[in-house]
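A short write-up of the structure that comes next.
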Amino acid sequence: MCDTMEQAMNTWDGVSFKSIIDFVDVPKGARYAMIHCYGGYTTNLPLDVLIDEDVIFSYRHDGLDLSADHGGPLRLVVPKRYGWKSAKWVNGVEFMTENRAGFWESRGYHMDGDPWKEQRFN
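Numbered according to this note's numbering, the sequence shown spans residues 1 to 122.
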């Protein structure tokens with residue numbers, strides 16, 4: 001399944017988060033996910049945000065394979081959250097029953113990061 005999503009005049013191609021979790025065993029009671037990345041970066045998101053139709057694991061940007069500068073080979077794109085939630089260099093997803101702070105969240109950034117609610121810092 002390939003999804004194309006246009007955001008701020010950018011075109012991202014990839015696979016929706018929702019289509020991926022349809023193929024994995026999500027632990028009973030899981031309500032959150034921690035996205036793990038090369039270099040030790042992590043970010044947390046509620047599953048109800050991640051299953052939104054516009055959240056994708058992207059491998060292509062504007063018709064080109066993602067470069068390392070843009071988060072290649074795999075980047076999470078979460079259009080309805082601040083940029084630190086769109087993790088670059090993704091290498092794993094951990095499902096969680098309790099919310100846990102990721103890299104920036106443990107340094108005072110908001111746990112949800114909704115720009116429409118101006119959730120920048122705790």
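We put the beta carbon where it would ideally sit given N, CA and C, even for glycine.
Just so you know, these numbers come straight off a predicted model, no measurement behind them.
(request) Give the straight-line distance between the Cα atoms of residue 116 and residue 70, rounded to the nearest whole angstrom. (result) 24 Å
(request) Return the residue from the list 88, 14, 80 that minimises the CA-CA distance to residue 68. (result) 88
(request) Check whether the Cβ atoms of residue 52 and residue 80 sit closer than 8 Å, and answer yes or no. (result) yes
(request) Report the three-state DSSP secondary structure of residue 41 (helix, strand or coil). (result) coil
(message) Here's the rule I'm using: 16 or more other beta-carbon atoms within 10 Å means buried, otherwise exposed. How should residue 118 be labelled?
(response) exposed
(message) Taking its Cβ as the centre, do 16 or more other Cβ atoms sit within 10 Å of residue 121, making it buried, or is it exposed?
(response) exposed
(request) Quick one: grab the DSSP three-state call for residue 51. (result) coil
(request) Leaving aside the five residues before and after residue 95 along the sequence, list all residues of the same chain whose C-beta is less than 7 Å from its C-beta, in chain order. (result) 26, 27, 30, 33
(message) According to DSSP, simplified to helix, strand and coil, what is residue 109?
(response) strand
(request) Name the residue from 112, 91, 56, 73 whose alpha carbon lies nearest to the alpha carbon of residue 100. (result) 112
(request) Kindly indicate if chain B contains any beta-carbon less than 8 Å away from that of residue 57. (result) Within the model displayed, chain B is absent; a lone protein chain is all it includes.
(message) Can you list, in chain order, the residues of its chain with a C-beta nearer than 6 Å to that of residue 82? Leave out the 5 residues immediately preceding and following it.
(response) 113, 115
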